[in-house]
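Visitor: Just so we're aligned: the sequence shown equals residues -12 to 135 in this note's numbering.
Quick one: this structure, given as structure tokens, is what I'll be asking you about.
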Amino acid sequence: MNESGMKDVVITLRSSQRVADGEEESLELVTQGVYEFGAHGIRFSYQETELTGMDGTWTDFRIQDGEVTLTRRGDVQTQMHFSPGKRCDFRYDTEYGALLLGLETYRLDCALDEHGGRMEIEYDMDFEKSFLSRNKFQIDVKEKVLKS
């Protein structure tokens, strides 16, 4: 555990995106991050890399009361809320400009405890209510094992 009370972890993020024409893209990122489990929910964060196309951006997931909030700060800035059956409209800011997007979560499974675990989120994304893509996050969080 570091001085802030957050544990150092290894985060494996698998994401997939299927666009309207059926083409699918997948990405897997294994990175170091920090993790906190407490009475006020769960939080984990990591630095994006060139692999994700968002180098220079810090990504933060907060899980509380059956909802997940993803916040990105840096070269990409946004805040997305995932709650099954609810729509979220959000602004996605990049160095090239901003987009107003929407998402609807249709599946959220969270099996995280004080040691880490797994979370899966499936959602549809749209632009001006026109379907853009079906997306899935599968995130595994594991405590870093210290070598002696």
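Glycine is no exception: its CB is placed at the ideal position from the N, C-alpha and C atoms.
Which residue from Gln51, Glu54, Val55 and Arg59 puts its Cα closest to that of Thr36?
Guide: The option with the nearest alpha carbon to Thr36 is Arg59.
Visitor: Using only the alpha-carbon positions, how far apart do Glu101 and Val21 sit?
Guide: Spanning the two alpha carbons is a distance of roughly 12 Å.
Visitor: Between Met106, Glu15, Arg121 and Met112, which has its C-alpha nearest Asp76's C-alpha?
Guide: The option with the nearest alpha carbon to Asp76 is Met112.
Visitor: Of the residues Arg121, Gly40 and Leu14, which one's Cα is nearest the Cα of Leu90?
Guide: Cα-wise, what sits closest to Leu90 is Arg121.
Visitor: Among the residues of its own chain, which have a CB less than 6 Å from the CB of Ile108, if the five just before and after it don't count?
Guide: Correct list, in chain order: Phe69, Leu95 and Phe124.
Visitor: Do you know offhand how far Glu82's Cα is from Met41's?
Guide: When rounded, the distance between both Cα atoms is 11 Å.
Visitor: Per DSSP, Tyr83 forms a beta bridge with which residues?
Guide: DSSP output for Tyr83 lists no bridge partner at all.
Visitor: Please classify Thr(-1): does DSSP put it in a helix, a strand, or coil?
Guide: Residue state, collapsed to three classes: strand.
Visitor: If I'm right that Val(-4) touches Gly103 with Cβ under 8 Å, what's the distance once you round it to whole angstroms?
Guide: That belief holds up - the Cβ atoms of Val(-4) and Gly103 are roughly 6 Å apart, short of 8 Å.
Visitor: Answer with buried or exposed for Tyr33, where buried requires no fewer than 16 other C-beta atoms within 10 angstroms of its C-beta.
Guide: It counts as buried.
Visitor: Taking the straight line between their C-alpha atoms, what separation do you get for Ile(-2) and Glu115?
Guide: Whole-angstrom Cα-Cα distance: 33 Å.
Visitor: So, using beta-carbon positions, are Val128 and Leu88 closer together than 8 Å?
Guide: No.
Visitor: Applying the 10 Å Cβ sphere with the 16-neighbour rule, what's the burial state of Leu38?
Guide: Exposed, because fewer than 16 other Cβ atoms sit within 10 Å of the Cβ of Leu38.
Visitor: Closer than 6 Å by C-beta to Glu(-10): which residues in its own chain qualify, once you throw out the five before and the five after it? Chain order, please.
Guide: Confidence in Glu(-10) is poor, its pLDDT being 47 and thus under 50, which makes the residue's placement unreliable; the coordinate value appears in the next sentence. Closer than 6 Å at Cβ, skipping near neighbours: no residue.
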